[in-house]
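Step one of this worksheet: look at the structure below.
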Amino acid sequence: MAAPGAEEDPFGRYRSPLVSRYASPEMGFNFSERKKFGTWRRLWLYLAQAEKDLIVLRDGFNLLLPKLATVISRLADFAEQYAALPTLGFTHYQPAQLTTVGKRCCLWIQDLCMDLRNLERARDDLRFRGVKGTTGTQASFLQLFEGDHDKVEELDRLVTVKAGFKRAYLVTGQTYSRKVDVEVLSVLASLAASIHKICTDIRLLANLKEIEEPFETDQIGSSAMPYKRNPMRSERCCSLARHLMTLVLNPLHTASVQWFERTLDDSANRRVCLAEAFLTADIILSTLQNISEGLVVYPKVIERRIRQELPFMATENIIMAMVKAGGNRQDCHEKIRILSQQAAAVVKQEGGDNDLIARIRADPYFSPIQGQLESLLEPTSFTGRASQQVARFLKEEACPMLIPYQSKMGVKMELAL
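Take the working numbering: the last position of the sequence shown gets the number 421, and nothing is skipped along the way.
Here's what the structure looks like:
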């Protein structure tokens, strides 16, 4: 049996690939015609019987939040596993001071934690429009209750509570303010920006052959180049995230041109952009979860890249060691400068390995510290408090946020216990 809302269109009309190819059945149904008309019927029934409601935006957030929490949980496991593994840091995409694989992952998690809080806030800030009438004055209901204002307010309160909301808007036009849609899509666009950044990092790391997304044994990386392992999932996330980031412009325009109590030019575009925003967010979260559950790390490649760059970064440590051994700082600095330029020429002009340390070992000037060179080049001595930062961040910030979603994530949260 087809999933709810997934049946074929008998008229052969266009169907969004967000639904037909990517979206989960639950999110597809949440924005389906069946859900829409069923919700309308229930809303009319609430006016008569004050029964419980599911409105679409709140339901969308409730579907996304456990998925986002699951992604954070998987990345937290990864960060804990590689908290102490040194890796070359980059600023301006140029080699910089060392960090660790786990610490870099925590930068991703921190952005996603901000998104989790933003989605929760946006969901909890949603109010019910309530029983307000055609232009928001409640005139028809006041007439129905023969001028009894208390009964109108009680009806408004009762329907709001039965619909599962704590509050209703005190004033509305024919619709709730379209600024609400701006807030909803803003947090989804912000989530898309976070995922785009994470997946871009993964794509760059895949190029460096340090970290790769999961790759199936029979997966084809390239039809022309069989050896390739293209980061297809990360590329898909980036592609769809860009689509989601652009959707926030639509409600901004809509909110700005709502004349007086309401115009109908909000209807068609809201029907598209709100649904597509939640559908797209649903897709990229599911894809990112798949990526985060199968990230592959290549420590030997990471170690080799560190060896290529670390000698240059260790020069300050070498100078300090020489000064402690009685050397002159200025003389040592000049020696290091000349040897560094020679080693850089080998790397850049000849394509060779960084031989700075070999040059230092061969220079009698540095004989007082020959026995210290290995310890001066130990990568873990260049990562500062990275591993301690990972442990504290996961314990105090990331994992406590996941506890409310533990039962829906399908995984035992050992970090949070």
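Note that CB positions come from ideal geometry on N, CA and C, so glycine has one too.
Met249 and Ala196 have their C-alpha atoms some 6 Å from each other. Distances from the CA of Ala126 to each of Gln98, Ile361 and Ser194 were compared; the closest alpha carbon is that of Ser194. Boundaries of the alpha helix (DSSP H) harbouring Gly64: Val60 to Gln85, taken from the DSSP string. Per DSSP, Gln410 is not a residue of any beta strand (DSSP E); the alpha helix (DSSP H) it occupies stretches across Gln410 to Met413. Of the residues Pro372, Ser238 and Val186, the one whose Cα lies closest to the Cα of Thr204 is Ser238.
With respect to the C-alpha of Thr176, the residue from Gly356, Thr141, Arg121 and Asp119 having the closest C-alpha is Thr141. The beta carbon of Leu268 is closer than 6 Å to none in its chain, skipping five residues each way along the sequence. Contact check between the stretch 349 to 362 and the stretch 282 to 300: fewer than three CB pairs, one atom from each, fall below 8 Å, which does not count as touching.
Annotation: the continuous beta strand (DSSP E) that includes Ala100 extends over Gln98 to Thr104. Of the other Cβ atoms in all chains shown, 16 or more fall within 10 Å of the Cβ of Trp112; this residue is therefore buried.
Leaving aside the five residues that flank Phe149 on each side, the residues in its chain whose CB is nearer than 7 Å to its CB run, in chain order, Lys155 and Val156. Around the C-beta of Leu22, 16 or more other C-beta atoms lie within 10 Å, and the residue is accordingly described as buried. In the DSSP annotation of this structure, the continuous segment of the beta strand (DSSP E) that includes Phe94 starts and ends at Pro90 to Thr95.
In the DSSP assignment, Glu382 falls outside any alpha helix (DSSP H) and carries neither an H nor an E. Look at Glu297 here: in three-state DSSP terms it is coil, with no helix or strand label. For the 7 Å CB-CB criterion, Gly137 and Ala143 form a contact.
Look at Ala281 here: in three-state DSSP terms it is helix. The three-state reading of DSSP puts Ala172 in strand, counting E and B together.
Taking the C-beta atoms as reference points, Pro255 is found no nearer than 7 Å to Val191. Note on Asp128: under 16 other CB atoms within 10 angstroms of its CB, so exposed under the neighbour-count rule.
The C-alpha of Ala329 lies about 42 Å from the C-alpha of Asn211.
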